[in-house]
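**Q**
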Amino acid sequence: MSSLLFTPIQLGPLVLKNRSIRAAAFEGMCPSHSISKALIDYHLAVARGGVAMTTIAYAAVDKTGLSFPHQLLMQESMQSDLKKMAEVIHRENTALSIQLGHCGDMAKHGLIGQRPWSASSHLNLYAPCFAKEMKESDMQYVANNFVKATQIAINSGLDAIEIHAGHGYLISQFLSPYTNQRQDAYGGTLENRMRFMSMVMSAILAVAKNKIAVLVKLNMRDGFDAGMPIEESIQVSKRLESLGVDALVLSGGFVSKAPMYVMRGKMPIKTLASRMDNKMMEVFTKLFGKQLVPDVPFTENYFLSDALRFRAALTLPLIYVGGILSQQNIDEVLDNGMDAVAIARALIRNPNFINELKNDASFKVSCDTCNHCMAVMYNGPFECNKTGGYHG
Ligand SMILES: Cc1cc2nc3c(=O)[nH]c(=O)nc-3n(C[C@H](O)[C@H](O)[C@H](O)COP(=O)(O)O)c2cc1C
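Each step along the sequence shown adds one to the number in the working numbering, with nothing skipped, and position 363 is 364.
(1) Taking 6 Å as the limit, tell me which residues put their C-beta closer than that to any heavy atom of ligand 1, in chain order.
(2) Determine whether the beta carbon atoms of Lys218 and Val250 lie at a separation below 7 Å.
(3) Hey, would you say Ser199 sits closer than 7 Å to Asn220, going by beta carbons?
(4) What do you reckon, are the CB atoms on Asn380 and Gly50 nearer than 7 Å?
(5) Spatial neighbours of Ala347 within its chain, please: CB distance less than 8 Å, with the 5 preceding and 5 following residues excluded, ordered by chain position.
(6) Would the beta-carbon of Asp82 fall within 7 Å of that of Ile36?
(7) Using alpha carbons as the reference points, say which of Lys387, Ser363, Phe364, Ala362 lies closest to His373.
(8) Please state the DSSP three-state secondary structure of Leu281.
(9) Do you know whose CA, among Leu273, Ser257, Gly158, Ser306, lies nearest Ile90's CA?
(10) Leaving out the 5 sequence neighbours to the left and right, which residues in its chain are closer than 6 Å to Tyr127 when beta-carbon positions are compared?
(11) Please report the residue range of the beta strand (DSSP E) in which Val201 lies.
(12) Is it right to say Lys38 is buried, meaning 16 or more other beta carbons lie within 10 angstroms of its own, or is it exposed?
(13) Cβ atoms of Arg265 and Phe299: under 7 Å apart, would you say?
(14) Quick one: is Met281 buried, meaning 16 or more other Cβ sit within 10 Å of its Cβ, or exposed?
(15) Are the beta-carbon atoms of Gly111 and Leu171 separated by less than 7 Å?
(16) Would DSSP call Lys287 helix, strand or coil?
(17) Given a threshold of 16 other Cβ atoms within 10 Å of its Cβ, counted over all protein chains shown, does Asp185 qualify as buried or as exposed?
(18) In the DSSP assignment, what are the bridge partners of Tyr321?
(19) Using a Cβ-Cβ cutoff of less than 6 Å, which residues in the same chain neighbour Asp332 once the five nearest sequence positions on both sides are dropped?
(20) Considering only residues of the same chain and omitting the five flanking positions on each side of Met135, which have a CB-CB separation below 6 Å?
(21) Do Ala60 and Ala343 count as a contact pair if the criterion is CB distance below 7 Å?
(22) In three-state DSSP terms, what is Tyr170?
(23) From Asn279 to Glu384, what distance separates their C-alpha atoms?
(24) Between Met75 and Leu101, how many whole angstroms is the CB-CB distance? I'm expecting something under 8 Å.
(25) Considering only their Cβ atoms, is the gap separating Ile10 from Asp340 smaller than 7 Å?
(26) Would you please state the rounded distance, in angstroms, between the beta carbons of Met54 and Thr95? I believe it to be under 8 Å.
(27) For Met107 and Pro32, what's the separation of their Cα atoms in angstroms?
(28) Between Thr190 and Phe285, what straight-line distance do the alpha-carbon atoms span, to the nearest angstrom?
(29) Answer yes or no: do Val1 and Ser252 have a C-beta to C-beta separation smaller than 7 Å?
(30) Is Val256 helix, strand or coil by DSSP?
(31) Label Met375 either buried or exposed according to how many other C-beta atoms from any shown protein chain fall within 10 Å of its C-beta, with 16 as the threshold for buried.
(32) Quick one, are the C-beta atoms of Phe197 and Phe175 less than 7 Å apart?
(33) Could you compute how far the alpha carbon of Val294 sits from the alpha carbon of Gly13?
(34) Mapping the DSSP letters down to three states, classify Thr272 as helix, strand or coil.
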């Protein structure tokens with residue numbers, strides 16, 4: 002069977018030239034929350050490497066949703082820089098997407114100047130913080146900021162937005178029974194836990210439908226016993242389909258409870274500790290890192306069997322992410338009915354991965370999933386342990 006990889010795919014109003022997308026993976030290249038030359042150069046290198054679309058990661062829609070000082074914050078003043086970036090990427094015949102999110106209880110008090118918000122009040126050792134339960138007016142405020150951020154992406158000529166509804170960030174904190182213990186219309190039943198997500202998505206789609214592709218990154222499972230199980234997540238995905246989103250990116254894991262479930266493999270604890278923003282967190286990470294961030298074994302295409310349950314339940318385009326290192330991995334995903342693949346670590350190791358496949362279908366990226374790239378991004382730009390950066 003010939004590979005579907007180099008065939009086009011439509012996601013709402015957007016047609017991609019092939020089925021490969023650079024997954025949202027935090028670059029750590031936005032000092033003072035702004036677009037930098039390094040960020041543009043990095044994504045230009047990725048675009049030249051052959052993917053159909055590259056994704057700016059983890060942009061916060063509002064100051065209350067920031068985790069890092071070197072993280073992008075969506076503001077009207079950035080529009081001209083974002084427009085310039087889109088033009089640079091489009092010149093390579095590559096689409097540009099941006100991931101929009103709010104980290105909820107992963108925010109840093111020192112950075113946002115207030116107690117972090119979440120679905121319910123609770124202690125989050127990973128931030129660390131004691132999160133405050135959001136009022137309905139807070140939820141409306143965040144939903145409005147998702148819409149403002151969407152409008153900035155549209156005005157800047159981007160091709161897609163990816164709403165972060167997974168990995169234990171704010172929308173995921175509402176969906177998950179682990180972090181949502183509310184007694185009101187936003188907690189309890191799954192219908193209630195989906196209400197904040199539906200509020201945000203309906204508001205976004207009202208301004209974005211048919212103007213820009215609207216993707217949602219979603220957990221298939223939170224990845225631990227008290228989290229959201231796959232049966233509920235399939236219901237969530239059906240709701241997103243009925244609301245009219247253009248595609249889902251299927252992931253899993255919860256940063257404050259099952260962080261390695263997202264990406265698998267080992268977390269280099271010593272490197273992670275050395276990147277903490279204060280001495281107390283460094284010592285804490287050294288002492289308890291192994292227990293708080295337990296290893297989860299890596300296998301290629303580790304999310305595929307779960308993703309196929311979503312394929313069977315849905316008709317909208319589905320984007321697979323998790324453990325792709327070769328064309329054999331990509332073909333297995335596409336031949337099983339997924340519409341496109343998103344790739345993070347293989348492209349961090351080698352941004353030219355997709356072009357390499359054009360020349361040699363047996364090419365395999367030599368990423369050993371050591372996750373150094375993840376550990377270092379806490380206080381600086383990510384880098385690959387092997388290449389030291391990227392082949393710009
Ligand atoms: C350095 C790094 C940063 C990441 N940052 C994000 C992020 O900002 N948003 C997100 O949704 N996922 C993030 N991820 C997860 C990836 O998007 C992806 O889901 C995961 O790495 C599995 O894909 P892979 O096996 O192709 O790496 C990150 C992963 C890495 C390695």
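We put the beta carbon where it would ideally sit given N, CA and C, even for glycine.
**A** According to the structure shown:
(1) Those satisfying the condition are, in chain order, Ala24, Ala25, Ala26, Phe27, Ala58, Tyr59, Gln100, His165, His168, Lys218, Ser252, Val263, Met264, Val322, Gly323, Gly324, Ile325, Ile344, Ala345, Arg346, Ala347, Cys374, Met375, Met378, Phe383.
(2) In this structure, Lys218 places its C-beta atom within 7 Å of the C-beta atom of Val250.
(3) Going by C-beta atoms, Ser199 is not nearer than 7 Å to Asn220.
(4) Their beta carbons are not under 7 Å apart, which means Asn380 does not touch Gly50 by this criterion.
(5) Ile325, Leu326, Phe354, Val366, Cys368.
(6) In contact: Asp82 and Ile36 (Cβ atoms closer than 7 Å).
(7) Ranking Lys387, Ser363, Phe364, Ala362 by Cα distance to His373 puts Lys387 first.
(8) Contrary to the premise, residue 281 reads as Met rather than Leu in this sequence. The three-state secondary structure of Met281, taken from DSSP, is helix.
(9) Closest option to Ile90, judged by alpha-carbon separation, among Leu273, Ser257, Gly158, Ser306: Gly158.
(10) Annotation for Tyr127: Ser257 place their beta carbon closer than 6 Å to its own, counting only its chain and skipping 5 residues before and after.
(11) Not the beta strand (DSSP E): Val201 falls in the alpha helix (DSSP H), residues 196-209.
(12) Lys38 sits exposed, since fewer than 16 C-beta atoms from the chains shown fall within 10 Å of its C-beta.
(13) Here Phe299 is near Arg265, since their CB atoms are less than 7 Å apart.
(14) The residue in question, Met281, is exposed, as its Cβ has fewer than 16 Cβ neighbours within 10 Å.
(15) Leu171 is positioned such that its CB atom lies no closer than 7 Å to that of Gly111.
(16) Lys287: helix per DSSP, three-state reduction.
(17) Note on Asp185: under 16 other CB atoms within 10 angstroms of its CB, so exposed under the neighbour-count rule.
(18) Checking the DSSP bridge columns, you'll see Tyr321 partnered with Leu251, Val342.
(19) If the five residues before and after Asp332 are omitted, its C-beta is found closer than 6 Å to the C-beta atoms of Ser4, all from its own chain and listed in chain order.
(20) Contacts found: Trp118.
(21) Going by C-beta atoms, Ala343 is not nearer than 7 Å to Ala60.
(22) Reduced to three states, the DSSP call for Tyr170 is coil.
(23) Taking C-alpha positions only, Asn279 is separated from Glu384 by approximately 21 Å.
(24) Taking 8 Å as the upper bound for CB-CB distance, Met75 and Leu101 are in contact here, some 7 Å apart.
(25) Contact: yes.
(26) Their Cβ separation, rounded to whole angstroms, is 6 Å, which keeps Met54 and Thr95 in contact under 8 Å.
(27) C-alpha separation (whole angstroms): 19 Å.
(28) Those two C-alpha atoms are separated by around 36 Å.
(29) Residue numbering for the chain in the displayed model covers 2 to 393; residue 1 lies beyond these limits and cannot be assessed.
(30) Three-state DSSP puts Val256 in coil, outside helix and strand.
(31) The residue is buried, with at least 16 neighbouring Cβ atoms inside 10 Å.
(32) The beta carbons of Phe197 and Phe175 sit closer together than 7 Å.
(33) Each residue's Cα considered, the two are about 37 Å apart.
(34) If DSSP states are grouped into helix, strand and coil, Thr272 belongs with the helices.
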